[in-house]
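Notes to accompany the following structure.
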């Protein structure tokens, strides 16, 4: 059996590599990276490692990146300290650096807003005495 990897000029996939526009959003192509949790944001603040991670994906040809889940501003939204927050001056400043790095590499980026809901483990703050998932 022979297999081949399609290229941007292959008619079966050529449309994936054409620019896309919707309103003011302009994407260099139609390749989208789905969210994947990395846990690289110490204390919930994305730093240089996170910016580099996403910028490398943009430089590699991903047109739109959907970030890993980002915690909203609610005490039960998250349970892992190294998953990024999408609130607070420090975290938003970190995201500014990530966005700038992705844009410089030619990509676009958007957050996945996240609340872990019933996935929180018993014993987790802010309600550690709750006998069930909170």
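Residue numbers (the numbering used here): 34 to 167. Here a beta-carbon is modelled for each residue, glycine too, at the ideal position from N, C-alpha and C.
- When C-alpha distances from residue 78 are compared across 120, 147, 157 and 144, the shortest belongs to 120.
- Restricted to the stretch 60 to 113, the alpha helix (DSSP H) segments that are unbroken, complete and at least 4 residues in length are 81 to 92, listed in chain order.
- In summary, residue 100 is buried, with 16 or more beta-carbon neighbours lying within 10 Å of its beta-carbon over all protein chains present.
- The shortest CA-to-CA distance from residue 97 to any of 73, 107 and 54 is the one to 54.
- Under the Cβ criterion (8 Å, minimum of three pairs), the stretch 79 to 90 counts as touching the stretch 116 to 134.
- In the structure shown, residue 50 falls within a helical segment according to DSSP collapsed to helix, strand and coil.
- Relative to residue 48, the option among 104, 61, 57 and 56 whose CA is nearest is 61.
- Looking at the DSSP output, residue 147 bridges to 104.
- In this structure residue 149 is in contact with residue 111, their Cβ atoms being roughly 6 Å apart against a cut-off of 8 Å.
- Comparing alpha carbon positions, the residue from 82, 51 and 56 closest to residue 65 is 51.
- When only Cα atoms are considered, residue 81 and residue 73 end up about 10 Å apart.
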